[in-house]
Amino acid sequence: KINGFVRTDVVLKNGDLAIRGSVIDFFTSSIGQPVRIEIYDNKIESIRIFDSSSQLTVRKVKEISTLPAYEYPLNKKSIDGFKKNWRNAFDSYEDDCEIFSRLTKLKLAMGAEIYLPLFSNKKSNLLTYLVNCENIFMESSVLDSAEEFTNLVKHRYEQYRYDKKRPLLNPKDLFIDTKELKIFLS
Numbered sequence: 036k037i038n039g040f041v042r043t044d045v046v047l048k049n050g051d052l053a054i055r056g057s058v059i060d061f062f063t064s065s066i067g068q069p070v071r072i073e074i075y076d077n078k079i080e081s082i083r084i085f086d087s088s089s090q091l092t093v094r095k096v097k098e099i100s101t102l103p104a105y106e107y108p109l110n111k112k113s114i115d116g117f118k119k120n121w122r123n124a125f126d127s128y129e130d131d132c133e134i135f136s137r138l139t140k141l142k143l144a145m146g147a148e149i150y151l152p153l154f155s156n157k158k159s160n161l162l163t164y165l166v167n168c169e170n171i172f173m174e175s176s177v178l179d180s181a182e183e184f185t186n187l188v189k190h191r192y193e194q195y196r197y198d199k200k201r202p203l204l205n206p207k208d209l210f211i212d213t214k215e216l217k218i219f220l221s
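By our numbering, the letter at position 72 of the sequence shown is numbered 107, and the numbering carries on one by one without gaps.
Spelled out as C-alpha cells, the structure:
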C-alpha cells in the first residue's frame, strides 16, 4: 500500500495503483477517472486521464492535483496515534471491533471515517477553512437543515452507542452542531 492505494495489476476502481516499469497508473475519487503517468529518465513524459474499462487515453493533461485514496493515513505513525487515542476514548475490548483490528494491521477498513478525529487529535470541518472569508453566501434553509442533521446524528448516536463491537465517538467530537454554526456565522 502506498498512501492508501492498493497495488494491483490493472487499475479498475478507486484506490487501485499499478506500477509497470516507467508507467504508473492510479485511480483516485478526486479526479473521477484513472491517471497514467509515464516517466522517462526520472522526468515525467506525459500525464493522461484514461478509461478504466478500455485502458485507452481519454485526454492528456499538463498537471494533476489529487488527494490520497482514503481520508485517513495508513502508516505506522498514524496508527500508533490512532491506537493511543482509541484507548483514551473507549473502554471496550479492542479486538471485538473489526475496524480497529484491520487498521492496526495497516489494512483499509470500511467505515473507519467515523473515527477520523482519532487520527488527528481534532475534528476537522468546513468552518476551519472559512475563517478568513469576508463573505459567506448561503440558502435561507441551511440552519434548518443543520438542525435536522444535528437531531438525526444525536438520535442515531443514542440508538447505537452501546454496541461494543463498534463504539461511537460522541457527536460533538465528530460534527459541528447548529449552535456552533450559528456562533461562527454571527
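Here a beta-carbon is modelled for each residue, glycine too, at the ideal position from N, C-alpha and C.
Return the chain-ordered list of same chain residues with a C-beta closer than 6 Å to the C-beta of residue i, the five sequence neighbours on each side being excluded.
i: K200; result: D131, C132
i: P152; result: K158, D208
i: R137; result: A144
i: N30; result: This structure does not reach residue 30, given that the chain is present from 36 up to 221, and the question cannot be answered.
Give me, in chain order, the residues of the same chain whose beta-carbon lies closer than 7 Å to that of residue i; leave out the 5 immediate sequence neighbours on both sides.
i: L91; result: F85
i: K139; result: Correcting the residue identity first, residue 139 is Thr in this sequence and not Lys. The residues are I114, K118.
i: E73; result: S57, V58, E80, S81
i: I222; result: Absent from the model: residue 222. The displayed extent of the chain is 36 to 221, so no value can be given.
i: K48; result: F62
i: L102; result: T63, S65
What residue range does the alpha helix (DSSP H) around residue i cover?
i: E193; result: 177-195
i: Y164; result: 161-164
i: T139; result: 133-139
i: F40; result: Premise fails: F40 is in no alpha helix (DSSP H) and is neither H nor E.
i: F154; result: 152-155
Report, in whole angstroms, the separation of the C-beta atoms of residue i and residue j, which I expect to be a contact under 8 Å.
i: S155; j: P202; result: No, S155 and P202 are not in contact; Cβ-Cβ is about 18 Å, not under 8 Å.
i: I211; j: N160; result: 5 Å
i: I149; j: L204; result: 7 Å
i: L162; j: F219; result: 5 Å
The beta strand (DSSP E) with residue i in it runs from where to where?
i: I218; result: Unbroken run through I218 is the alpha helix (DSSP H), 213-220; no beta strand (DSSP E).
Within 10 angstroms of the Cβ of residue i, are there 16 or more other Cβ atoms? Answer buried if so, exposed if not.
i: Y195; result: exposed
i: D44; result: exposed
i: Y75; result: exposed
i: G146; result: exposed
i: Y105; result: buried
i: F172; result: exposed
i: Y107; result: buried
i: L216; result: buried
Beta-carbon within less than 8 Å of residue i's beta-carbon, same chain only, minus the 5 sequence neighbours each way: which residues are those?
i: K189; result: P206
i: V46; result: L52, A53, D60, F61, F62, P69, S87
i: Y192; result: L203, N205, P206
i: L227; result: Because the chain in this structure spans residues 36 to 221, residue 227 falls outside the shown range and cannot be described.
Can you find a C-beta in chain C that's less than 7 Å from the C-beta of residue i?
i: P108; result: Looking at the structure shown, chain C is missing, and only one protein chain is on hand.
Review point. Taking only runs of the alpha helix (DSSP H) that begin and end inside the region 48-131, which ones reach a length of at least 4 residues, in chain order?
Key: Restricted to the region 48-131, the alpha helix (DSSP H) segments that are unbroken, complete and at least 4 residues in length are 111-124, listed in chain order.
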